[in-house]
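Worksheet for the structure shown next.
Numbering (our numbering), first residue to last: 1 to 272.
This is the structure we're talking about:
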């Protein structure tokens, strides 16, 4: 797996520029193209619901506003990526969720922020990372609020011998190779080795500098254990598979993916 294209959706909020900084650092690290994506609705659904009285003047005014705001986002993107070879901008009026899903066909990694239901201004606030992980067909990097950099020098892999976890390891390999240390963690009350030693040996053959295997049979949730290990090892990246159980199982017993998306203080790279 190689990362040749890093994609990041953007709007006019400060959190967007933090995500852009993270996306740019990854693109530069792996020599990938950086693509900024945006879309803005002329008549946002949260302002113009069903039954709203809309005339031609409102439509024209909304279209002009959307065009102006997209141009403003583009200007900031171009300024922040000045001198970066291959940086590209893709935007059009419309629903950002639809546009991002379309553009992700050329992405090897999509950088997202945490959904914020209280943010009524930012277009990206309506993007639900959990849903997009299932829809985009490529790995997703979640950037928590307030995080503006990703060194990825110390990485924690949440390991379970599943299709999703195997893919996450392969998808993150370009970042793992540049790390100083990688901790492969099998956690939870039913934690078993599940081939973790094999994964460690494989990563070593791929050029990962230092790999360790940790088993934590703690009764706490898997997500809590992974975040604790990341804190203790001073890691700023957690790599996991996403949604390895059925949706019914997740609704009844909870989801490691959902807990990490909602609470992780460090970036999470997830693959489904």
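Idealized CB from N, CA, C, for every residue including glycine.
The structure presented is a predicted model; accordingly, all values stated were derived computationally and were not measured.
- The DSSP-derived three-state label of residue 227 is helix.
- Taking the Cα positions, residue 95 is about 9 Å away from residue 42.
- Assigned with DSSP and collapsed to three states, residue 39 falls in strand.
- Taking C-alpha positions only, residue 79 is separated from residue 17 by approximately 11 Å.
- Annotation for residue 174: the continuous alpha helix (DSSP H) segment containing it runs 163–176.
- Straight-line measurement puts the Cα of residue 149 at about 22 Å from the Cα of residue 259.
- In the pairwise beta carbon analysis, the stretch 260–272 is classified as touching the stretch 169–179: at least three pairs are separated by under 8 Å.
- Residue range 256–263 is occupied by the alpha helix (DSSP H) that includes residue 257, with no beta strand (DSSP E) assigned at that position.
- Per DSSP, the continuous beta strand (DSSP E) segment holding residue 216 begins and ends at 211–216.
- Pairing residue 75 with residue 2, the inter-Cα distance amounts to about 29 Å.
- With respect to the C-alpha of residue 26, the residue from 124, 213, 153 having the closest C-alpha is 153.
- Our two residues, residue 112 and residue 216, have alpha carbons roughly 29 Å apart in a direct line.
- When the beta-carbon positions are compared, residue 31 and residue 11 stay at least 8 Å from each other.
- Only residues of its own chain outside the window of five on either side were considered, and among them 148, 149 have a CB closer than 7 Å to the CB of residue 21, listed in chain order.
- When DSSP states are grouped into helix, strand and coil, residue 199 belongs to the helix group.
- Residue pairing by DSSP puts residue 89 in a beta bridge opposite 36.
- Secondary structure of residue 204 (DSSP, three-state): helix.
- Residue 155 is not a Cβ neighbour of residue 187, given a cutoff of 8 Å.
- The C-beta distance from residue 261 to residue 130 rounds to 6 Å, short enough to meet the 8 Å contact threshold.
- Excluding sequence positions up to five before and after residue 157, its CB lies within less than 6 Å of the CB of 184, 239, all in the same chain and listed in chain order.
- DSSP places residue 130 within a helical segment (H, G or I) once states are collapsed to three.
- In the displayed model, residue 26 falls within a helix according to three-state DSSP.
- Counting the other Cβ atoms within 10 Å of the Cβ of residue 123 gives 16 or more, which makes it buried.
- Among the bridge pairs identified by DSSP, residue 237 is matched with 155, 267.
- Under DSSP, the beta-bridge partners assigned to residue 109 are 6.
- Residue 16 carries a helical assignment under DSSP once its states are collapsed to helix, strand and coil.
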